[in-house]
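*Asks:*
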Amino acid sequence: MLDARIRPFIDPLLNAQGRKLARFGISANQVTLLGLTLGLTAALLIALGAPGWALLPLLLSRLADGLDGAVARASQPSDFGGLLDISCDFAVYGAVPLGFVLADPASNGVAGAFLLASFYVSGTSFLGYAILAEKRKMTTQAQGVKTLYYVGGLLEGAETIGFFVLLCLWPVAFAPLAWVFGTLCLVTAAARVWLAWRVFS
């Protein structure tokens, strides 16, 4: 919901830094893998009971996620890079809730399972829509220049990052927050399916 609104403000900054990294010979895929490593480090710290310490690598991971596209646009974007980017994003989005479950399975297990299931459904609706949009040769730059077709929704990247930050700052509230956010993920997925029905049927 917020991604398209904040893009005009953050894209110029990311693109400027992306051009600098590209000039140093750093590839977009290297930035993507750095973001994955930082995100998994954050998840590990959460699992070890240190969610506060996880905040820095988590935020740096999401910064890398924004920078990899900027580096690609400044050098040579590729279809594989787009696939690697979304795969690493989903890996981090799954690992962070898993970290909270592993930190306290008794309190967080059921809510964490529901949250991960909702991510699965939401991710499927996102990628399924992208496949159908590509089949129809549809394009959009509402979320910036992307390899995949990005359809918006109630919850997008900015909301997910904010949710993860809130969890790290308030880990004892993981279960109720996970139920609420997971429910909103399902609403997002349902909205995408409804939109697909209107557009593609």
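Sequential numbering of the sequence shown, starting at 5, is according to our numbering. Built from N, CA and C at the ideal position, the CB exists for glycine as well. Bear in mind the structure is a predicted one, so any value in this text is a computation, not a measurement.
1) Rounded to a whole number of angstroms, what is the C-alpha to C-alpha distance between Leu199 and Thr128?
2) Taking C-alpha atoms, which residue in Gly73, Thr45 and Leu52 lies nearest to Asp108?
3) Compute the distance between the beta-carbons of Gly29 and Ser65, then report whether it is under 8 angstroms.
4) According to DSSP, is Ile50 part of a helix, a strand, or is it coil?
5) Give me the Cβ distance between Arg196 and Phe118, rounded to the nearest whole Å; I'm assuming they're in contact under 8 angstroms.
6) Look up Glu160 in the DSSP assignment and say whether it is helix, strand or coil.
7) Tell me the residue span of the alpha helix (DSSP H) that contains Lys139.
8) Name the two residues that bound the continuous alpha helix (DSSP H) containing Pro55.
9) Give every residue of the same chain whose Cβ lies closer than 6 angstroms to the Cβ of Ala78, excluding the five residues on either side of it in the sequence, and list them in chain order.
10) Along the chain, where does the alpha helix (DSSP H) containing Pro180 start, and where does it finish?
11) Note down the Cα distance separating Ala137 from Val155, rounded to an integer number of angstroms.
12) Restricting to Cα atoms, I'd like to know which of Gly73, Val75, Leu71 and Leu44 is closest to Leu60.
13) Does the beta carbon of Ala58 fall short of 7 angstroms from some heavy atom of the ligand ADP?
14) DSSP three-state label for Phe28, please.
15) Nearest-angstrom Cα distance between Lys141 and Ala177?
16) Which class does Pro81 belong to by DSSP, given the choice of helix, strand or coil?
*Replies:* According to the structure data:
1) Their backbone Cα atoms lie some 14 angstroms apart in a straight line.
2) The shortest C-alpha separation from Asp108 is found at Leu52.
3) Using a Cβ distance threshold of 8 angstroms, Gly29 and Ser65 do not count as a contacting pair.
4) The three-state secondary structure of Ile50, taken from DSSP, is helix.
5) With 8 angstroms as the limit, Arg196 and Phe118 do not qualify as a contact, their Cβ atoms being about 19 angstroms apart.
6) In the structure shown, Glu160 sits in coil (DSSP, three-state: anything other than H, G, I, E or B).
7) Counting along the chain, the alpha helix (DSSP H) containing Lys139 begins and ends at Pro109 to Lys139.
8) Unbroken alpha helix (DSSP H) run through Pro55: Pro55 to Ala78.
9) Correct list, in chain order: Gly22, Arg23 and Ala26.
10) For Pro180, the enclosing alpha helix (DSSP H) starts and ends at Phe178 to Phe204.
11) Distance from the CA atom of Ala137 to the CA atom of Val155, rounded to whole angstroms, is 9 angstroms.
12) The option with the nearest alpha carbon to Leu60 is Leu44.
13) You won't find the ligand ADP in this model; it holds no ligand whatsoever.
14) Coil.
15) Each residue's Cα considered, the two are about 43 angstroms apart.
16) Here Pro81 sits in coil by DSSP.
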